[in-house]
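> Residue numbers (our numbering), protein chains in the order written: chain A, 1 to 530; chain B, 531 to 602; chain C, 603 to 693.
1) With 8 angstroms set as the bound, which would you pick, yes or no: does the beta-carbon of residue 9 of chain A sit closer than that to a beta-carbon of chain B?
2) Can you tell me where the alpha helix (DSSP H) with residue 60 of chain A in it begins and where it stops?
3) From what residue to what residue does the alpha helix (DSSP H) around residue 376 of chain A run?
4) From the DSSP output, read off the bridge partner residues of residue 81 of chain A.
5) Please confirm whether residue 196 of chain A has its beta-carbon closer than 8 angstroms to some beta-carbon of chain C.
6) Per DSSP, residue 328 of chain A forms a beta bridge with which residues?
7) Taking residue 337 of chain A and residue 543 of chain B to be in contact with their CB atoms under 8 angstroms, please state how far apart those CB atoms are, rounded to whole angstroms.
8) Between the region 624–645 of chain C and chain A, which residues of the former have a C-beta closer than 7 angstroms to a C-beta of the latter?
9) In the DSSP assignment, find the beta strand (DSSP E) that holds residue 107 of chain A and state where it starts and stops.
10) Can you give the Cα-Cα distance for residue 588 of chain B and residue 244 of chain A, rounded to whole angstroms?
11) Identify each residue in the region 336–347 of chain A for which the Cβ-Cβ distance to at least one residue of chain B is less than 9 angstroms, and report them in chain order.
12) Does any residue of chain C bring its CB to less than 8 angstroms from the CB of residue 19 of chain A?
13) Return yes when the C-beta of residue 230 of chain A is under 7 angstroms from any heavy atom of the ligand SAM, and no when it is not.
14) If the cut-off is 8 angstroms on Cβ atoms, which residues from the region 665–679 of chain C count as contacting chain A, listed in chain order?
15) Return the first residue and the last residue of the alpha helix (DSSP H) that residue 187 of chain A is part of.
16) How is the alpha helix (DSSP H) around residue 303 of chain A delimited, first residue to last?
17) Any Cβ of chain B within less than 8 angstroms of the Cβ of residue 516 of chain A?
18) Is the Cβ-Cβ distance between residue 84 of chain A and residue 97 of chain A less than 8 angstroms?
19) Taking only beta-carbon atoms, is residue 228 of chain A less than 8 angstroms away from chain B?
20) At 3 residues or longer, and completely inside the region 637–667 of chain C: list those beta strand (DSSP E) runs for me, N to C.
21) Can you give me the Cβ contacts of residue 517 of chain A inside the same chain, cut-off strictly under 8 angstroms, excluding the 5 residues immediately before and after it?
22) Please name the residues in the region 179–207 of chain A whose beta-carbon is closer than 9 angstroms to at least one beta-carbon of chain C, in chain order.
23) Residue 260 of chain A: buried (16+ other C-beta within 10 angstroms of its C-beta) or exposed?
24) Between residue 681 of chain C and residue 362 of chain A, is the Cβ-Cβ spacing less than 8 angstroms?
25) Could you compute how far the alpha carbon of residue 143 of chain A sits from the alpha carbon of residue 645 of chain C?
26) First and last residue of the beta strand (DSSP E) that includes residue 321 of chain A?
27) Check whether chain A comes within 8 angstroms of residue 547 of chain B, counting only Cβ atoms and requiring the distance to be less than that.
28) Starting from residue 467 of chain A and walking both ways along the alpha helix (DSSP H), at which residues does that stretch end?
29) So for residue 125 of chain A, helix, strand or coil by DSSP?
30) Identify whether residue 520 of chain A lies in helix, strand or coil by the three-state DSSP scheme.
31) For residue 557 of chain B, tell me which candidate among A:219, A:490, A:62 and A:10 has the shortest Cα-Cα distance.
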């Protein structure tokens, strides 16, 4: 498609190959967990057996918030965040904005976790980094998201790592376009009776070509999210506000208006939520109260995008009088190109702008990108394996990671279902992942061949998947299908079916895994030109 | 970049665009470095960008220092 | 028409030319040992344009959600067709 000179093509092949092979295993982990995390909310509902029907914001919350305010020390009355947790329960974070030991802005306060009847389950005090850890009932979805966002490496290093992986994916996508001379001519060609190199190359390039626009979007938005807070904000703040991050935050997210610190009790929050629901047709996903308890208090109600739109909706209310002020963009004080651009980064990355349909499509595209990453690394290994016998270990490593990771994730799901009723899911969910991963590594060492290793890991993963619905129903005490559907949670039944179907597909696929014949690899030029 | 980009309707475009497009800007510089046959030209472009932007940021800090002294 | 209906209808309408492009793809036919030389380039270009029209309509109507779902859905349809059609030709 793009005809570069020979030297430039060679450079791009090197860039594409090395960026892929050096970072491909970690990138695969990020992409796979991201693919699954598209349905993190549904997995949370399935695993914890959520059957409450109404959003917490569709019920009165004003009295609850006033009760919590009375219990909270006044220094944390600066701002309050309200959001749903668990089975339509309420999370309330009373906090103040301050600088941490390194001078970086943070939020410090008290986080109340309530169930959907208003009873306080737990109270945690600390900074936002400390209080928002996994809970027993969301340990599985929390583990999944944390693996994807920062590979469980502490901030900021975890975010920097996933940011670098996003850049590697961006480089691989762009260099892939530059080296593929016949992008559209090859778009439907999957040779099956050819050398292993050409077979893998076709699989890689066909999947990569079809998913290319989304590989670009997801790599780009993913890097943005990783680098935004760690590097982007401090650098832009230094350039534009002499390093004052609070001033930058105020310029981008603030609500301008005259300050009025006179103490005034917050207005009726139920009036605000009812008005917000009538304007948007659905409950808020988040309520942010700033300058709580002052005459100039504001309440911002965040909602899913309107139909046909992808940018989330934000409604601004006068906190003291509980009256509607205006609809505002999620970023910026008035609608702008920059605000819209920043506002759509989330929907583009998460695919959560149109319910189940958009997320199902994003899940499929994520799976395609896992496949592209896997086949790319396989192509690199297969191309060189006959020339360097020592690379057999790399082939096994690739198999252990690509098939061991799904095995580890399903094992952690099984452990969650068994240990959640006992209250120890926060420990056992990641522990089971580590144990299963150790098992996969051991299998990688002792398996007689790479094909046997692949079969073993596929069968193990498939078997655990088939058992998951049984664990959910009979060990975890989760709702049956009738109860789930009656509670407007058909996703619970759907995921049960999906796990069984996927498990059977994996087990059957393992039985038909064919040996890859050891033939001489094609030359670099022939493979690139084919 | 926040110092020379226009602010836009909400006065934040100059802040948001560099933040959002940072990965793409990095990729452009990366591929330029990979594909340009003249390493001297690559160094020249990178140095020029660094000096221009560094100079803009430095001049802003220098400009604010006399104002702070006057305020004292 | 809501965004879901628009997206699904656009996907179905684009799927038809994509299937035709896949079945008539010259290189794919050679790879699976099919007879004939495949579709002419002019015809292929026309089918590509036809496949893009539903997406263009979504974008023209300002339905960003439907457009993105159409784009992603077409990518998945194309990939699945490429992956499974050759297997049938080999049976």
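Ideal Cβ placement from N, Cα and C applies to all residues, glycine included.
No experiment lies behind these values; they were computed from the predicted model shown.
In brief:
1) no
2) From DSSP, residue 60 of chain A is part of no alpha helix (DSSP H); its letter is neither H nor E.
3) 355–385
4) A:93 and A:288
5) no
6) A:314
7) 6 angstroms
8) 624, 627, 629, 630 and 633
9) 105–114
10) 16 angstroms
11) 336, 337, 338, 339, 341, 342 and 345
12) no
13) Ligands are entirely absent from the displayed structure, and the ligand SAM is therefore not among its contents.
14) 665, 666, 667, 668, 670, 671, 673, 674, 675, 677 and 678
15) Segment: none, residue 187 of chain A is in no alpha helix (DSSP H) and carries neither H nor E.
16) First-last for residue 303 of chain A: 298–303, but that is the beta strand (DSSP E), not the alpha helix (DSSP H).
17) Annotation note: pLDDT 46 at residue 516 of chain A (below 50); position unreliable, coordinate value reported separately. Taking Cβ atoms only, chain B never reaches closer than 8 angstroms to residue 516 of chain A, which makes this a no.
18) no
19) yes
20) none
21) Reliability fails at residue 517 of chain A, whose pLDDT of 45 lies under 50, so the model's placement of it is uncertain and no value is given.
22) 182, 184, 185, 186, 187, 188, 189, 190, 191, 192, 193, 194, 202, 203, 206 and 207
23) exposed
24) no
25) 50 angstroms
26) Careful: residue 321 of chain A lies outside any beta strand (DSSP E) and carries neither H nor E.
27) yes
28) 450–474
29) strand
30) Low confidence applies here, because residue 520 of chain A scores a pLDDT of 39, under 50, leaving its location unreliable; read the following figure in that light. Three-state DSSP puts residue 520 of chain A in coil, outside helix and strand.
31) A:219
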